[in-house]
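Note sheet for the following structure.
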């Protein structure tokens, strides 16, 4: 239920309810209307009867429900003692100053969801008893009616709730609330004001200051509010408990009616004019001078009794910098909703709101959070940071600085944050944590320390890439579960049922105080077969036999028997391993139907000028080099992270790339020599030379690190001794780098005959 409705129901109870077993009788000229008594008041229910004309009622009827009919004029013949009237969802177009003149005892009036176009000034002048007025969802009435309504209630002491939600078209013009629009409300005892969905763009400076001091709940949601100086007087709302400023600048689904509705807001002249437009000009000038002369830190005064602030589902693109909030008394703000917006960075710190207990920052596209962001929010107990992109910054917090001040935190949600690793100390000060949610991330190992979480009740690690939990984590979980049951969710991970995981599997099976969610439906892989944990007893028996020492002995003895027979065979295979691999992948690539063949009908027999082989840790250098070669020298290069075919095996992609490239360039670094796939690529390139290019020079080296040459395997030394290579300039001088690129580009352009007959390539740029 929306917040505003909860507040209204709390202050003003539902009037028209269906009472089971209540005695019903007739009290109107229309027999379809049903009547009943409740708490000494006679109710008449005429809802949804397709009425065009309002029936007459007995004089003692005190509450009438005429909702959801087809009434076009405000009823004039109702009992004069009527207290409650609901005429919502009808076809009223106009309310005149005499329509309510006879109903001086009316307390609750609902006229929502009609087609009101105007309300005459003075219509509510005699409604001295009115407590709740609902004019919401009359989209062509426009929020400009606020001026007439507020003027009528300037002497009212009874009005408590004013609902003016959605009086503007969804795609109508924007509106600025002026002081004269709400001036009449200043002397009322209004407690709830709903101005949601009215395309309000801003508030004139002074509007917040003249709102009634009794106001407790203010709803400005679903508008198009911009930031402005009116925020400087936010603290003047002395009695406010809750402010809803959510769904600003929000997307709306276009409906067919939006094309045909007459918004009634573009050519209407103002209903009244302000005689005090400059009343706050001096205060405004002071604020401007202070702002432009002050430091970047911004101070905002909060209402002293504010408890809940809704600022979620907004489309502001922003970062949260260092803010200071102040109040005339200790702040009472406890709930802060900032989710579902676009907050890229949380820099902070935010000072002055240490009373906040509940903080929701989920789904904000946030990629960074500083070590000082929570310095001023140390008492928060519920923190939701899920559905962001904080994996990198959390993974680098090795000293646990981000959450170091959150000793009172009981719930922490970090689901869907692209987390691949967590340092051991990241949660070091979360002594009171009860719920930790790390689901839907990419954790392959969980090494974060849980030792200080004595109150932990739920650990959610579901939907990650875990294959096991290390012994330290298991022991910690067992220790924490001694005082109370600990629920652990490990579902939908990549569990492996092998000897390495035997202790982990036994721990899950025999832990007493640890409750695993849905353990029977866990799935693990055992000997290429997927097993459910519902059969874990049999599975553990099989694993225990497999992993026992006597099995190892049998395996060793059996191996000795066949070693003589297999040694010769494997040595032959090893001798020609690269040739066999190459022939296998070339044949596979040739006959694979689902691979799209490159178009070689142009001037060149090859689709790429060169295939660039490199280690992932050298990617940044390669991307820059390839970009320059392709842009400045019109070359077409193949690099694995961009040009490999998705869904095709790595080895297939490598062989295909080498086979369809004129050259193979190896970026020689220590990372390259340590990479299995890089050495695979270099070996495949050599096989290409021997068996497909008739001994042509297909591959050559670009030496990025001189020390790498000393580490090159002996089998590749002929690439250094007999073939050419290029060294990248050590000092990275622009001219030398440019000459290096030009030399490399010229080499890649050589025809096969030129490249074959060229005696050497300059090994070092002069």
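Numbering (mature numbering (1 follows the signal peptide of the UniProt record, and there is no 0)), first residue to last: -22 to -1, 1 to 744.
Every residue, glycine too, gets a C-beta built ideally from N, C-alpha and C.
message = So, does the region 659 to 677 touch the region 704 to 711, judging by three or more C-beta pairs under 8 Å?
response = no
ask   = Can you give the Cα-Cα distance for residue 601 and residue 716, rounded to whole angstroms?
value = For this step, residue 601 is matched to residue 623 along the chain shown. For this step, residue 716 is matched to residue 738 along the chain shown. Cα to Cα, the separation comes out at about 16 Å.
query = Does the count of Cβ pairs from the region 170 to 187 and the region 211 to 218 closer than 8 Å reach three?
reply = Output reads yes: the region 211 to 218 touches the region 170 to 187.
message = Bridge partners for residue 13 per DSSP, in chain order?
response = For the purposes of this step, residue 13 is taken as the residue at position 35 of the chain shown. BP columns for residue 13 point to 3, 22.
task = Just tell me which of 495, 450, 122, 520 has its CA closest to the CA of residue 465.
result = Along the chain shown, read from residue 1 onward, the residue named residue 465 stands at position 487. That would be 495, whose Cα lies nearest to the Cα of residue 465.
key: Bridge-paired residues (DSSP) for residue 475   = Taking the first residue of the chain shown as position 1, residue 475 is located at position 497. Answer by DSSP bridge pairing: none, since residue 475 is not bridged.
query = If you measure from the beta carbon of residue 137 to each beta carbon in chain E, is any gap under 8 Å?
reply = This model lacks chain E altogether, as it is built from one protein chain only.
inquiry  = Please report the straight-line C-alpha distance between residue 515 and residue 487, rounded to a whole angstrom.
reply    = What you label residue 515 is simply residue 537 of the chain shown in a count that begins at 1. What you label residue 487 is simply residue 509 of the chain shown in a count that begins at 1. Between residue 515 and residue 487, the C-alpha separation is close to 8 Å.
C-alpha gap between residue 115 and residue 378, whole angstroms = Along the chain shown, one-based indexing puts residue 115 at 137. Along the chain shown, one-based indexing puts residue 378 at 400. If I take the Cα positions, the gap works out to 50 Å.
ask   = Looking at the unbroken beta strand (DSSP E) that takes in residue 304, where does it start and where does it end?
value = Stepping through the chain shown from its first residue, residue 304 is reached at position 326. Per DSSP, residue 304 belongs to the beta strand (DSSP E) from 301 to 304.
key: Cβ-Cβ distance between residue 208 and residue 293 below 8 Å   = Position 230 of the chain shown, counted from the start, is the residue given in the question as residue 208. Position 315 of the chain shown, counted from the start, is the residue given in the question as residue 293. Contact: no.
Of the residues 591, 646, 204, 117, the one placed nearest residue 662, counting alpha carbons only = Here residue 662 refers to the residue found at position 684 of the chain shown. Closest option to residue 662, Cα to Cα, is 591.
request  = Starting from residue 354, trace the beta strand (DSSP E) both ways and give me its first and last residue.
outcome  = On the chain shown, position 376 is the one that residue 354 refers to. Careful: residue 354 lies outside any beta strand (DSSP E) and carries neither H nor E.
inquiry  = Could you compute how far the alpha carbon of residue 224 sits from the alpha carbon of residue 301?
reply    = Within the chain shown, numbered from 1, the residue matching residue 224 stands at position 246. Within the chain shown, numbered from 1, the residue matching residue 301 stands at position 323. Each residue's alpha carbon lies about 20 Å from the other.
ask   = Cα-Cα, which of 405, 513, 363, 641 is closest to residue 346?
value = Locating residue 346 in the chain shown gives position 368, where the first residue counts as 1. Checked all of 405, 513, 363, 641; the closest Cα to residue 346 is 363.
message = Assuming contact is defined by CB atoms lying nearer than 8 Å, are residue 417 and residue 440 in contact in what I supplied?
response = Numbered from its first residue, the chain shown carries residue 417 at position 439. Numbered from its first residue, the chain shown carries residue 440 at position 462. Cβ distance < 8 Å, so residue 417 and residue 440 count as in contact.
ask   = residue 325 and residue 299 look like a contact to me (Cβ under 8 Å); what is the Cβ gap, rounded to whole Å?
value = Within the chain shown, residue 325 is the residue found at index 347, counting from 1. Within the chain shown, residue 299 is the residue found at index 321, counting from 1. Indeed, because the Cβ distance is near 5 Å, the residues count as touching under 8 Å.
request  = Given a cut-off of 8 Å, decide if residue 89 and residue 139 are closer than it, judged by their beta-carbon atoms.
outcome  = Position 161 of the chain shown holds residue 139. Position 111 of the chain shown holds residue 89. Cβ distance not < 8 Å, so residue 139 and residue 89 don't count as in contact.
query = If we ignore side chains and look at the alpha-carbon of each, how far apart do residue 23 and residue 194 end up?
reply = Working through the chain shown from its first residue, we reach residue 23 at position 45. Working through the chain shown from its first residue, we reach residue 194 at position 216. If you take the alpha carbons of residue 23 and residue 194, they lie about 32 Å apart.
request  = Quick one: grab the DSSP three-state call for residue 54.
outcome  = Sequence index remark: in the chain shown, residue 54 carries index 76 (1-based). It is coil, neither helix nor strand.
key: Sequence ranges, beta strand (DSSP E) only - wholly within the region 607 to 643, length at least 3   = 615 to 617
Continuous beta strand (DSSP E) stretch holding residue 590: start and end = Numbered from 1 along the chain shown, position 612 holds the residue referred to as residue 590. It spans 586 to 591 - the beta strand (DSSP E) in which residue 590 sits, taken as one unbroken run.
task = Determine the burial state of residue 508: buried for a count of at least 16 other Cβ atoms within 10 Å of its Cβ, exposed for fewer.
result = As a first step, residue 508 must be located in the chain shown, where it is residue number 530. It counts as exposed.
message = Given this structure, state the Cα-to-Cα distance separating residue 313 from residue 284, to the nearest angstrom.
response = Taking the chain shown and counting its residues from 1, the one referred to as residue 313 is at position 335. Taking the chain shown and counting its residues from 1, the one referred to as residue 284 is at position 306. Rounded to whole angstroms, residue 313 to residue 284 spans 9 Å at the Cα level.
request  = Just mark residue 157 as buried or exposed, buried being the case when its beta carbon has 16 or more other beta carbons within 10 Å.
outcome  = Here residue 157 is taken as the residue at index 179 of the chain shown, counted from 1. With 16 or more Cβ atoms within 10 Å of its Cβ, residue 157 is classed as buried.
task = Assess, as a yes-or-no matter, whether the region 618 to 628 is touched by the region 638 to 653 under the definition of 3 or more beta carbon pairs within less than 8 Å.
result = At 8 Å Cβ cutoff, the stretches do not touch.
ask   = Under 8 Å between the Cβ atoms of residue 333 and residue 361?
value = By 1-based counting over the chain shown, the position of residue 333 is 355. By 1-based counting over the chain shown, the position of residue 361 is 383. Cβ atoms of residue 333 and residue 361: not closer than 8 Å.
request  = Taking only runs that begin and end inside the region 494 to 563, name each unbroken beta strand (DSSP E) of 3 or more residues, in chain order.
outcome  = 501 to 504, 507 to 510
request  = Please classify residue 547: is it buried, with 16 or more other beta-carbons within 10 angstroms of its beta-carbon, or exposed?
outcome  = In the chain shown, residue 547 corresponds to position 569, counting from 1. Answer is exposed; the Cβ neighbour count stays below 16.
ask   = Who pairs with residue 295 in a beta bridge, going by DSSP?
value = Taking the chain shown and counting its residues from 1, one reaches residue 295 at position 317. 320.
query = Got a sec? Which residues, its chain only, sit under 8 Å from residue 499 by beta carbon, not counting five neighbours each side?
reply = Stepping through the chain shown from its first residue, residue 499 is reached at position 521. So the qualifying residues of the chain are 469, 510, 511, 512.
request  = Would you check if the distance between the CB atom of residue 331 and the CB atom of residue 309 is smaller than 8 Å?
outcome  = The residue labelled residue 331 in the question sits at position 353 within the chain shown. The residue labelled residue 309 in the question sits at position 331 within the chain shown. Yes, the pair counts as a contact, with Cβ atoms nearer than the cut-off.
Three-state secondary structure assigned by DSSP to residue 454 = On the chain shown, position 476 is the one that residue 454 refers to. Here residue 454 sits in helix by DSSP.
query = Does DSSP classify residue 577 as helix, strand or coil?
reply = Counting from 1 along the chain shown, the entry for residue 577 is found at position 599. Its pLDDT being 48, under 50, residue 577 is placed unreliably by the model, and the measurement read from it follows with that caveat. It is coil, neither helix nor strand.
ask   = What is the rounded straight-line gap between the Cα of residue 226 and the Cα of residue 395?
value = Sequence index remark: in the chain shown, residue 226 carries index 248 (1-based). Sequence index remark: in the chain shown, residue 395 carries index 417 (1-based). Roughly 25 Å separates the two Cα atoms.
Distance between residue 105 and residue 81 (C-alpha atoms, nearest Å) = For this step, residue 81 is matched to residue 103 along the chain shown. For this step, residue 105 is matched to residue 127 along the chain shown. When rounded, the distance between both Cα atoms is 7 Å.
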